[in-house]
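Taken in sequence, the protein lines are chains G and C.
The first sequence maps to residues 1 to 113 in this note's numbering.
The second sequence maps to residues 114 to 224 in this note's numbering.
The beta-carbon is built from N, C-alpha and C at its ideal position, and this holds for glycine as well.
All values derive from a computational prediction rather than experimental measurement.
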Amino acid sequence: EPEVTQTPSHQVTQMGQEVILRCVPISNHLYFYWYRQILGQKVEFLVSFYNNEISEKSEIFDDQFSVERPDGSNFTLKIRSTKLEDSAMYFCASMGQLNTEAFFGQGTRLTVV
Amino acid sequence: GENVEQHPSTLSVQEGDSAVIKCTYSDSASNYFPWYKQELGKRPQLIIDIRSNVGEKKDQRIAVTLNKTAKHFSLHITETQPEDSAVYFCAASTGANNLFFGTGTRLTVIP
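So this is what it looks like as structure tokens:
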């Protein structure tokens, strides 16, 4: 069964460093998302992406964040200058059509020290 | 954006009893309401969804109801089993490219 894959599974970074989280969505999907989940809390919407551009973004997704689909398969989330409060599990998701199942990756646990 | 509220935050039931989780949403344009189950340390996975053109949907022991007028929807799990223990998230989408989640309910089924 096709699935969304994310790398790395765990990333530890120094505060102020840049990180890139990578996702490979399901191949025929068109809609892509990044979510964040701080330990024990809700799944928070960060950004959605369609047709090579951002569709919507939340207040969390400030100028420190950017997304890219560089090669038609990978979908990346970049955090330019990480802060301690960026520590969370980051989930990528993809959807084939709007209002259908969003398939989540297994997540990248980001720890900022 | 859409604001989805979910209650209760924790729920404990005896095995075999029913569990009900309720959500409200703020944006009347929302028209798609999925429910996701997240087991400890794992990714969220869809268990059932409902669209705004129906009021109720059932899949074996799981059912979801939607009241568009009141802007709330509920998940009902009957004959609960220990493997139902997880965190359940409701979500809402306006049909634009978004999906907003509730705060989650930690369900514990006591054997």
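Closer than 7 Å between beta carbons: that is the criterion. Which residues of the region 83 to 111 of chain G meet it against chain C?
F91, L98, N99, E101, A102, F104, G105, Q106 and G107
Proximity test, Cβ basis, 8 Å: F45(G) and chain C
yes
Enumerate in chain order the residues of its own chain whose CB-to-CB distance from E152(C) is below 7 Å, with the five nearest sequence positions on each side excluded.
Taken in chain order, the residues that qualify are A199.
Give a yes or no on whether the minimum CB-CB distance between S48(G) and chain C is below 8 Å.
yes
Please confirm whether T216(C) has its beta-carbon closer than 8 Å to some beta-carbon of chain G.
True, the Cβ-Cβ gap to chain G drops below 8 Å.
Name the residue from G208(C), P224(C) and C203(C) whose alpha carbon lies nearest to the alpha carbon of G215(C).
C203(C)
Would a C-beta distance cut-off of 8 Å place A102(G) and Y33(G) closer than the cut-off?
yes
Going by the DSSP bridge assignment, what does I175(C) pair with across the sheet?
D172(C) and I190(C)
Report the option in F75(G), S94(G) and L110(G) whose CA atom is closest to the CA atom of T82(G).
Minimum Cα distance to T82(G) is reached at L110(G).
Please name the residue or residues paired with E44(G) in a DSSP beta bridge.
R36(G)
Closer than 9 Å at the beta carbon, the chain G residues around Y201(C):
Going along chain G, no residue has its Cβ under 9 Å from Y201(C), so there is no contact; the nearest lies around 11 Å.
Suppose contacts are defined by Cβ-Cβ distances below 8 Å. Is S122(C) in contact with K184(C) by that definition?
no
Based on DSSP bridge pairs, tell me the residues matched to R109(G).
H10(G) and M89(G)
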